[in-house]
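Below: the structure, in structure tokens.
2 protein chains.
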Amino acid sequence: MEKLGQNYKVISCGDIQSLGRVVLHDTLALTGAEVSVNELPAGVSVPFVHTHKNNEEIYVVLSGKGFLFIDGDEFEIKEGDAFRIDPKGERCIKAGDTSSLRFICVQAKANTLEGFTETDGLPAASKPSWL
Amino acid sequence: MEKLGQNYKVISCGDIQSLGRVVLHDTLALTGAEVSVNELPAGVSVPFVHTHKNNEEIYVVLSGKGFLFIDGDEFEIKEGDAFRIDPKGERCIKAGDTSSLRFICVQAKANTLEGFTETDGLPAASKPSWL
Numbered sequence: 016m017e018k019l020g021q022n023y024k025v026i027s028c029g030d031i032q033s034l035g036r037v038v039l040h041d042t043l044a045l046t047g048a049e050v051s052v053n054e055l056p057a058g059v060s061v062p063f064v065h066t067h068k069n070n071e072e073i074y075v076v077l078s079g080k081g082f083l084f085i086d087g088d089e090f091e092i093k094e095g096d097a098f099r100i101d102p103k104g105e106r107c108i109k110a111g112d113t114s115s116l117r118f119i120c121v122q123a124k125a126n127t128l129e130g131f132t133e134t135d136g137l138p139a140a141s142k143p144s145w146l
Numbered sequence: 016m017e018k019l020g021q022n023y024k025v026i027s028c029g030d031i032q033s034l035g036r037v038v039l040h041d042t043l044a045l046t047g048a049e050v051s052v053n054e055l056p057a058g059v060s061v062p063f064v065h066t067h068k069n070n071e072e073i074y075v076v077l078s079g080k081g082f083l084f085i086d087g088d089e090f091e092i093k094e095g096d097a098f099r100i101d102p103k104g105e106r107c108i109k110a111g112d113t114s115s116l117r118f119i120c121v122q123a124k125a126n127t128l129e130g131f132t133e134t135d136g137l138p139a140a141s142k143p144s145w146l
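Listed in order, the protein sequences are those of chains A and B. Converting from the first sequence to my numbering requires adding 15 to each position, the first position being numbered 1. Converting from the second sequence to my numbering requires adding 15 to each position, the first position being numbered 1.
Right under this line is the structure:
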């Protein structure tokens, strides 16, 4: 399923419980953030430590367990954890030795969000068939 | 579990398969995007249609089925679908009549992302114990 309108685009990524890395920026023509769905198989690490020039990263762990290295700290992360890493944070993520790690990662330029939800949303007059 | 460092914050949201709405902006002190985990119970709709002043919204459906109203179009959305809605899009989401709908929603100011991944990332010299 793919749908495209003047103000939207919808795609199907597939089985969210088992798909590999899906990078949404290009497919959805994103302009405010990059969003990816990621899986590290058991025992696998991102093979390098990195920082960012401008982007804050926000992670939500969807399933599994793993480890986060951040600025010299190392600790376990698991399903249901969420975390923010500032651009300068030196980071690396590894899946657990016996557990894969599935997570969503958002990249957005730090300090660009001016408002959200009530302070950015506006009511609209149109109605769906069910309201 | 909650961990706070100079360049990061980690929290546990709980059971990602069953938790209600979790809004991460304030908890994680986000500055580039708002990220929320949401569940609409079966038959329940967001009770209004809305647009945004500045924010692009990016959704990833984690489980279940539902319906999206967008600019007069209506169609089914389901687990594994991802979509972008531009600020001016008039939108409303409803869970299916017999299925809840669990999704992640990202709000980020449209046209603020300058680069991502390879064009924003930088290698760092530090190493975790496992590399």
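Even glycine gets a Cβ: it sits at the ideal position worked out from N, Cα and C.
{"query": "Taking a cut of 8 Å between CB atoms, which residues from the stretch 125-144 of chain A lie near chain B?", "result": "Ala125, Asn126, Thr127, Leu128, Glu129, Gly130, Phe131, Thr132, Asp135, Gly136, Leu137, Pro138, Ala139, Ala140, Ser141, Lys142, Pro143 and Ser144"}
{"query": "Are the beta-carbon atoms of Asn22(B) and Gly104(A) separated by less than 7 Å?", "result": "yes"}
{"query": "Any Cβ of chain A within less than 7 Å of the Cβ of Phe118(B)?", "result": "no"}
{"query": "What is the rounded straight-line gap between the Cα of Ala97(B) and the Cα of Leu34(B)?", "result": "20 Å"}
{"query": "Are Ile61(A) and Ile108(A) touching if we call contact CB-CB under 7 Å?", "result": "With the sequence shown as reference, residue 61(A) is identified as Val, and Ile is not the correct amino acid for it. Cβ distance < 7 Å, so Val61(A) and Ile108(A) count as in contact."}
{"query": "So the candidates are Asp30(A), Ile73(A) and Leu45(A); which of them puts its Cα closest to the Cα of Arg106(A)?", "result": "Ile73(A)"}
{"query": "Determine, using beta carbons only, whether Ala57(B) comes closer than 7 Å to chain A.", "result": "no"}
{"query": "What would DSSP say about Asp96(B), mapped onto helix, strand or coil?", "result": "strand"}
{"query": "Could you check which residue in Ser27(A), Asp101(A) and Gln122(A) has the C-alpha nearest to that of Val25(B)?", "result": "Asp101(A)"}
{"query": "Along the chain, where does the beta strand (DSSP E) containing Leu77(B) start, and where does it finish?", "result": "Asn70 to Ile85"}
{"query": "Considering only residues of the same chain and omitting the five flanking positions on each side of Cys120(B), which have a CB-CB separation below 7 Å?", "result": "Ser51, Asn53, Glu72 and Tyr74"}
{"query": "Please list the partners that Thr113(B) has in chain A, where partner means a Cβ-to-Cβ separation under 7 Å.", "result": "Simply none; closest approach about 14 Å."}
{"query": "Is Glu129(A) helix, strand or coil by DSSP?", "result": "coil"}
{"query": "Within the same chain, show all residues whose beta-carbon is closer than 6 Å to that of Leu55(B), passing over the 5 residues directly before and after it, in chain order.", "result": "Ala110 and Leu116"}
{"query": "Are the CB atoms of Leu43(A) and Arg99(B) nearer to each other than 7 Å?", "result": "yes"}
{"query": "Within the same chain, show all residues whose beta-carbon is closer than 6 Å to that of Val38(B), passing over the 5 residues directly before and after it, in chain order.", "result": "Ser51"}
{"query": "Using CA atoms only, rank isn't needed, just tell me which of Val64(B), Gly79(B), Glu94(B) and Leu128(B) is closest to Gly87(B).", "result": "Val64(B)"}
{"query": "Counting only Cβ pairs nearer than 9 Å, list the residues of chain A close to Lys68(B).", "result": "Glu129, Gly130, Thr134, Asp135, Gly136 and Leu137"}
{"query": "Round the Cβ separation of Phe90(B) and Lys18(A) to the nearest angstrom and send it over; I've been treating them as touching at under 8 Å.", "result": "6 Å"}
{"query": "With 9 Å as the C-beta to C-beta threshold (strictly closer), list the residues of the stretch 82-96 of chain B near chain A in chain order.", "result": "Phe82, Leu83, Phe84, Ile85, Asp86, Gly87, Asp88, Glu89, Phe90, Glu91, Ile92, Lys93, Glu94, Gly95 and Asp96"}
{"query": "Residues of chain E with a CB under 7 Å from the CB of Ala110(A): which are they?", "result": "Absent here is chain E; the protein component of the structure consists of chains A and B."}
{"query": "Please report the straight-line C-alpha distance between Leu128(A) and Pro143(B), rounded to a whole angstrom.", "result": "32 Å"}
{"query": "Sort out for me which residues DSSP pairs Gln32(B) with in a bridge.", "result": "Answer is none; Gln32(B) lacks a bridge partner."}
{"query": "Could you spell out the range, first to last residue, of the beta strand (DSSP E) harbouring Thr66(A)?", "result": "His65 to His67"}
{"query": "Below 7 Å CB to CB, which residues in the same chain sit around Cys28(B) once its five sequence neighbours on both sides are set aside?", "result": "Leu34, Val37 and Val52"}
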